[in-house]
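This is the structure we're talking about:
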């Protein structure tokens, strides 16, 4: 399995490389990581990119793609081998996140499945739950989702209304969730629910449950019609008197909020890295465009206003990449704290939207046409400051850490 070897100090950083997408750059990676990146890049270019426009029309990717990704070893990359995962490091997971963005294909919900959902099961699940779900999820035969957000509770996790009531040794689950990525295709969903309404604070009364597709009373509403992420299935989920056995409880009763707080930094890191990879893609796409587009008798790459804009964008990306790679290394060393992850998420997702706007502008009217990749990158970027905790919440978390007396 891929692990971090002694990294070469001779590796180029992106600022000095021919393009921001070059393989073999960035000191946090090794030659083993490069081999894995080549394999991931080939997969996304051959198995995702040619079919993505069709999946955008369908509102979801194919089940077959998930199984192909499993066969290629691209799912559950950082999950321990003893649990049935690939057993590589989190930097290898980051390669999958980045390579997906480098083809501008946001449809496959691999990152959520592998690096948000699976860690909850691997870290807090029983031996039976791990054996039941992880190998199937790594194979792409069982698709995972997590249901936190509700119509009336998004950023405020303590405002969750979905309720699971004890009935003998079983639980009866009632409530609804919205904006659930992989929700429509999911085979298993981690559901965040209140289990103790009398708890001294809402945080002390939340639990997590594993709810399988086909369970009586578990209803999938509609695939939501979003302005972007068109090939990513995002659904409403309803739970009407869903009877769950005691074995459906994930981890300990009333500990769900603490599990969520422990895992959210990785989710925010993932969003940040994918946002920045999106910036790198948009920069290279725009650089290629301005070299070809002619105006006033020469390519627009010769116009100083375009040159300066590209200089600014590349500098912003390279500065963010230095911080982002530092965060990835901290996380690989298990030293990434919540405030730092929040900084990465807020900064990189804001940057992605700023760069998307500027790159569309440099494309002129063509930048507003759907057949140009930059148009899709523009609309897909807009959700990044919203999900995974809004950027306003990120600033709250960062500020809380700054003014804390602890």
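Numbering (my numbering), first residue to last: 161 to 566.
Glycine included, C-beta positions come from ideal geometry on N, C-alpha and C.
- Close CB contacts of residue 459 within its chain, under the 7 angstroms cut and outside five residues either way in sequence, are with 450, 451, 452 and 453 (chain order).
- Between residue 319 and residue 227, the C-beta spacing is not below 8 angstroms.
- By the C-beta criterion, the region 255-265 is judged to be in contact with the region 193-204, since at least 3 inter-stretch pairs fall below 8 angstroms.
- When the alpha-carbon of residue 551 is set against those of 513, 267 and 520, the nearest one is in 513.
- Secondary structure note for residue 218: it is in no beta strand (DSSP E), and the uninterrupted alpha helix (DSSP H) holding it is 212-218.
- The straight-line gap separating the alpha-carbon atoms of residue 341 and residue 273 is approximately 9 angstroms.
- In the structure shown, residue 547 adopts coil according to DSSP, grouped into three states.
- In the three-state DSSP reduction, residue 376 falls in the coil class, being neither helix nor strand.
- Here the alpha carbon of residue 439 sits roughly 12 angstroms from the alpha carbon of residue 507.
- A distance below 8 angstroms separates the beta carbons of residue 534 and residue 446.
- Beta-bridge pairing by DSSP links residue 417 to no other residue.
- Residue nearest to residue 261 within the set 432, 326 and 329 is 432 (criterion: CA-CA distance).
- Closest option to residue 516, judged by alpha-carbon separation, among 251, 495, 540 and 530: 540.
- The closest CA to that of residue 278, considering only 295, 328 and 263, is found on 295.
- Spanning the alpha carbons of residue 417 and residue 548 requires a straight line of approximately 15 angstroms.
- Taking 8 angstroms as the cut-off, the Cβ atoms of residue 391 and residue 383 do not count as close.
- Going by beta carbons, residue 375 and residue 367 fall outside the 8 angstroms limit.
- Counting only runs of 4 or more residues that sit fully inside the region 179-211, the alpha helix (DSSP H) segments are 191-203, in chain order.
- At least 8 angstroms separates the beta-carbon of residue 280 from that of residue 397.
- For residue 510, the enclosing alpha helix (DSSP H) covers residues 498-523.
- A residue is called buried when at least 16 other Cβ atoms come within 10 angstroms of its Cβ; residue 399 meets this threshold and is buried.
- Taking the Cβ atoms as the reference, residue 335 lies roughly 10 angstroms from residue 313, outside the contact range of under 8 angstroms.
- With a beta-carbon spacing of about 6 angstroms, residue 220 and residue 345 fall inside the 8 angstroms limit used to define contacts.
- Under DSSP, residue 310 takes part in a beta bridge, and its partners are 313.
- Listed as beta-bridge partners of residue 305 by DSSP are 349.
- Listed in chain order, the non-local C-beta contacts of residue 264 below 7 angstroms within the same chain comprise 441, 533, 536 and 537, local neighbours out to five positions each way being set aside.
- In the structure shown, the three-state DSSP call for residue 368 is strand.
- Looking at the DSSP output, residue 473 sits in no beta bridge, so it has no partner there.
- For residue 471, the closest C-alpha among the options 553, 443 and 173 is that of 443.
- In the three-state reduction of the DSSP assignment, residue 283 falls in the helix class.
- Our two residues, residue 457 and residue 474, have alpha carbons roughly 26 angstroms apart in a direct line.
- About 6 angstroms separates the CB atoms of residue 293 and residue 348; that is less than 8 angstroms, so the two are in contact.
- Look at residue 221 here: in three-state DSSP terms it is coil, with no helix or strand label.
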